[in-house]
Amino acid sequence: MTRAHLAGSDHPGGPHTFAGGDLDRSASLRSDPKRISELLEAGSSRFLPFRGLDPLVETEARPGLGWIPRIELENLVDVDSAALFLGLEPDGARFAIPVPETVRDDDLGPAAASFRGVREVAPLLTVPDASVLALGRSLTAWHAMHRYCSKCGAPAATDEAGHARRCTNGACDTVQFPRTDPVVIMLIHREGLCLRGRAIRARRYPPGLHSCLAGYVEPGESIEEAVRRETWEEAGLRVGRVRYHSSQPWPFPSTLMIGCFAEALPGEPRIDSSELESVRWFTMMELREAVERWDEAGALRVPPPLTIAHQLARAWLAEHSG
Ligand SMILES: [Zn+2]
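The following block contains the structure:
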């Protein structure tokens, strides 16, 4: 598959933020330690430092990822054991690398660089940069949270150039791989109306913000079943046809948002007060206004364009505007 194919968009409106990258992940190199060592030493290789889960970002003019050469890291971290291989760009290899919390903004990179939160910086990045950032953040978070073997509890060490962790107890030798957690997020509709909810956990969000219902897919469950179960649990509505729309990597820390349209069967919503503080039908006109004025204080709002919740609303309006 060519890079152009990889960068293509599978749905109108373009790729969601964090999707649509064109990095060649070169997965076959992960099990080639000799080649990875050569890439770690190569002058053309670049490293993206993460302090905690915040990447180094160049802040001059348009923000971009703060890729730096190995030489800038050598006094701060053991590059060979800490670097996580992300893939190959035409001009060289790319690695993510966790750095100690004590590293200051001006210890690394150009003068105008600082460690910034991913939510804050992602909307300002190019499509490929946001995508590689999602990979780097999720991988970094996974290593930080899986220091020990999940089977025997012995320390686990980085393996497969950062795409696995192997138990250091030779008798156990269990290998773990980075996990991705599937979440269904659904725009529920019926007869030109769209159901939006306001989650209890959204109390710190702007007043009036209503989003799609969403929830984790449980073990032994299909995407369609998860959509129906979550809609019933949270809003007391039965759902008929479920149609997949698109998906979005969501690196907080490592979720895959699976966007669906779901047709509600007759009945009125009743809320589960432990999950939602309000749920209501929006007319198309109300939804259009909420989408266009997502960043204005007002009665009804939707989450920002960064989110698949916003993009599902746009897509549904586009489908129904003709
Ligand atoms: Zn073990």
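Start counting at 1 in the sequence shown, then tack on 220, and there's your number in the numbering used here. Where a beta carbon is used, it is the ideal one built from N, C-alpha and C, also for glycine.
Distance CB(residue i)-CB(residue j) smaller than 7 Å
i: Ala533; j: Val499; result: no
i: Gly307; j: Leu243; result: yes
i: Ala484; j: Val462; result: no
i: Glu292; j: Ala333; result: no
i: Arg521; j: Gly428; result: yes
i: Arg418; j: His430; result: yes
i: Arg271; j: Val323; result: yes
i: His231; j: Ile528; result: no
i: Pro275; j: Leu353; result: yes
i: Val341; j: Pro283; result: yes
Between the CA atoms of residue j and residue i - distance to the nearest angstrom
i: Thr222; j: Pro524; result: Interpretation of Thr222 is limited by its pLDDT of 37, a score under 50 that renders its predicted location unreliable; the figure taken from the coordinates is listed afterwards. Whole-angstrom Cα-Cα distance: 32 Å.
i: Arg513; j: Ser370; result: 46 Å
i: Trp536; j: Leu355; result: 28 Å
i: Ala227; j: Val403; result: Below a pLDDT of 50, predicted positions are generally treated as unreliable, and Ala227, at 42, falls in that range; no measurement from the model is reported.
i: Phe386; j: Glu509; result: Note that residue 386 is Arg in the sequence shown, not Phe. Spanning the two alpha carbons is a distance of roughly 51 Å.
i: Ser541; j: Phe502; result: 15 Å
i: Cys480; j: Phe315; result: 34 Å
i: Glu450; j: Gly440; result: 15 Å
i: Gly593; j: Ser264; result: Since the first residue of the chain shown is 221 and the last is 542, residue 593 is not available in this structure.
i: Ala517; j: Ile405; result: 24 Å
i: His383; j: Phe335; result: 24 Å
i: Ala350; j: Ala391; result: 40 Å
i: Thr378; j: Met365; result: 12 Å
i: Gly241; j: Leu345; result: 12 Å
i: Ala302; j: Pro269; result: 10 Å
i: Leu407; j: Pro318; result: 37 Å
i: His530; j: Phe305; result: 32 Å
i: Lys254; j: Ser248; result: 12 Å
i: Leu413; j: Asp492; result: 21 Å
i: His225; j: Trp452; result: Below a pLDDT of 50, predicted positions are generally treated as unreliable, and His225, at 40, falls in that range; the measurement from the model is reported next regardless. Distance between the alpha carbons of His225 and Trp452 is about 39 Å.
i: Asp300; j: Pro320; result: 15 Å
i: Ser494; j: Glu454; result: 9 Å
i: Met504; j: Leu496; result: 22 Å
i: Ala381; j: Ala519; result: 49 Å
i: Glu539; j: Ser246; result: 37 Å
i: Ala374; j: Phe397; result: 16 Å
Simplified DSSP assignment, three categories, for residue i
i: Ile528; result: helix
i: His409; result: strand
i: Leu259; result: helix
i: Val437; result: coil
i: Ala374; result: coil
i: Asp274; result: strand
i: Ala482; result: strand
i: Gly284; result: strand
i: Pro232; result: coil
i: Glu321; result: coil
i: Leu537; result: helix
i: Gly307; result: strand
Best match in the options for proximity to residue i [C-alpha to C-alpha]
i: Pro473; options: Leu328, Arg357, Ala381 and Gly234; result: Arg357
i: Ala434; options: Thr475, Ala331, Glu380 and Asp349; result: Thr475
i: Leu285; options: Pro343, Asp298 and Ala262; result: Pro343
i: Ala331; options: Gly412, Val437 and Ile288; result: Ile288
i: Phe267; options: Leu526, Asp298 and Ala519; result: Asp298
i: Glu488; options: Val459, Asp252, Gln396 and Ala247; result: Val459
i: Gly432; options: Arg416, Met477 and Ala361; result: The question names Gly, but residue 432 in the sequence shown is Cys. If we check each option's Cα against that of Cys432, Arg416 comes out closest.
CB contact below 7 Å: residue i versus chain D
i: Thr346; result: In the structure shown, chain D does not exist; there is a single protein chain.
Mind listing, in chain order, the residues whose beta carbon lies closer than 6 Å to a non-hydrogen atom of ligand 1?
-> Cβ-based neighbours of ligand 1 within the cut-off: Cys369, Lys371, Cys372, Ala374, Cys387, Asn389, Cys392 and Thr394.
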